[in-house]
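Written out below as structure tokens is the structure these notes cover.
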Amino acid sequence: MPLLEVRSISKRFGGVRALDGMSLSVDEGEIVGLIGPNGAGKTSFFNVITGILPADEGEIFFQGGQQSLRGLSSDKILKKGLARTFQNLRIFKNMTLLENIAVGMYSRTQSSLWSAFFRTRRFHVEEKKVFKRGMGLLDLMGLANQGNEIAANLSYGNQKRLEIARALATEPKLLLLDEPVAGMNPSEKEEISNLIRKIQKRGIAVLLIEHDMKVVMPLSNRVVVMDDGKKIAEGPPEEIRKNPRVIQAYLGEA
Numbered sequence: 017m018p019l020l021e022v023r024s025i026s027k028r029f030g031g032v033r034a035l036d037g038m039s040l041s042v043d044e045g046e047i048v049g050l051i052g053p054n055g056a057g058k059t060s061f062f063n064v065i066t067g068i069l070p071a072d073e074g075e076i077f078f079q080g081g082q083q084s085l086r087g088l089s090s091d092k093i094l095k096k097g098l099a100r101t102f103q104n105l106r107i108f109k110n111m112t113l114l115e116n117i118a119v120g121m122y123s124r125t126q127s128s129l130w131s132a133f134f135r136t137r138r139f140h141v142e143e144k145k146v147f148k149r150g151m152g153l154l155d156l157m158g159l160a161n162q163g164n165e166i167a168a169n170l171s172y173g174n175q176k177r178l179e180i181a182r183a184l185a186t187e188p189k190l191l192l193l194d195e196p197v198a199g200m201n202p203s204e205k206e207e208i209s210n211l212i213r214k215i216q217k218r219g220i221a222v223l224l225i226e227h228d229m230k231v232v233m234p235l236s237n238r239v240v241v242m243d244d245g246k247k248i249a250e251g252p253p254e255e256i257r258k259n260p261r262v263i264q265a266y267l268g269e270a
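So in this note's numbering, the last one in the sequence shown is 270, and the numbering has no gaps at all.
Below, the structure written as structure tokens:
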């Protein structure tokens, strides 16, 4: 069974249908690329999956159909093991890198407000775990020597890395990345691509929205193409490259 299975999801905004019977699945440990023109409904699709927007129709199943995500709040979906980043950065710019990551990790800690207030032994044990895991994630991102830096002082590319690290801090089984290389130069894009491969090697599946075909095609095990809220093509990257409708609509005649 797929790790994530979305069946015939629809979403309307007044008379506009942003999603129209959209279906998609992601297997464990798989990287799936989601492409399409601006306005195709890709980010709306992410917002529905993660509970930011309610679906009007359809079903969303997680972990082999054992759990339905439809109707759950974003925080409950996060605890189920589904994390995301955003097209527009949503880091805490006045906090340090370690503090940003700690925010994500606290969704998995057990200490109560009482324990934190009285600084109990359990609180201190968990704080040490948060610090150790936070430093490990910063090392994975190539930011290990900047843990105490204020996030606002980072370059745009490193802020993107920090947002991915914070999402990983929640211990997801599936990571949704919304245009992770947007605004980056070719070198930075290659670094983020390698980072996504490392995430996959950790057993974490990835669903990736990306406009840069030079990034999404080599990364993806499978590519899904959207237009007007619908899926119009799906298959391995080499098949999508040759699909006449995709070539004409998204990749250009050449």
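Here a beta-carbon is modelled for each residue, glycine too, at the ideal position from N, C-alpha and C.
Classification of residue i by the beta-carbon crowding that lies within 10 angstroms, buried from 16 upward
i, result
"residue 168", "exposed"
"residue 200", "buried"
"residue 17", "exposed"
"residue 91", "exposed"
"residue 188", "buried"
"residue 190", "buried"
"residue 100", "buried"
"residue 232", "buried"
"residue 52", "buried"
"residue 64", "buried"
"residue 134", "For residue 134, the pLDDT reaches just 45, beneath the cut-off of 50, and the residue's location in the model is therefore unreliable, although a value from the coordinates is still provided. So residue 134 counts as exposed."
"residue 55", "exposed"
"residue 230", "exposed"
Close Cβ partners of residue i (< 6 Å) along its chain, the five nearest in sequence each way excluded
i, result
"residue 28", "72"
"residue 41", "18, 21"
"residue 89", "67"
Cα-Cα separation between residue i and residue j, rounded to whole angstroms
i, j, result
"residue 238", "residue 159", "30 Å"
"residue 66", "residue 35", "15 Å"
"residue 146", "residue 214", "21 Å"
"residue 204", "residue 171", "11 Å"
"residue 150", "residue 227", "30 Å"
"residue 209", "residue 142", "32 Å"
"residue 7", "residue 198", "Because the chain spans 17 through 270 in this model, residue 7 falls outside it and cannot be assessed."
"residue 120", "residue 104", "18 Å"
"residue 251", "residue 207", "25 Å"
Same chain, Cβ closer than 7 Å to residue i, five either side skipped, listed in chain order
i, result
"residue 116", "107, 108, 167, 178, 182"
"residue 249", "241, 256, 259, 261, 262"
"residue 174", "159"
"residue 84", "75, 76, 77"
"residue 37", "24, 26, 246"
Near the ligand NAP: residue i beta-carbon under 8 Å from a heavy atom
i, result
"residue 169", "No copy of the ligand NAP appears in this structure; indeed no ligand is present at all."
Contact set for residue i: own chain, Cβ-Cβ below 8 Å, skip 5 residues either direction
i, result
"residue 154", "113, 114, 117, 160, 162, 163, 181"
"residue 236", "47, 48, 49, 224, 253"
"residue 60", "27, 34, 35, 69, 245"
"residue 212", "47, 193, 196, 222, 224, 235"
DSSP-derived helix/strand/coil call for residue i
i, result
"residue 106", "coil"
"residue 86", "coil"
"residue 189", "coil"
"residue 198", "coil"
"residue 244", "coil"
"residue 71", "coil"
"residue 98", "strand"
"residue 134", "Per-residue confidence for residue 134 stands at a pLDDT of 45, beneath the threshold of 50, marking its modelled position as unreliable; no derived number is given."
"residue 66", "coil"
"residue 113", "helix"
If you scan the region 204–267 from start to end, which runs of the alpha helix (DSSP H) of 4 or more residues do you find wholly inside it? Here the runs fully enclosed are 229–235, 253–258.
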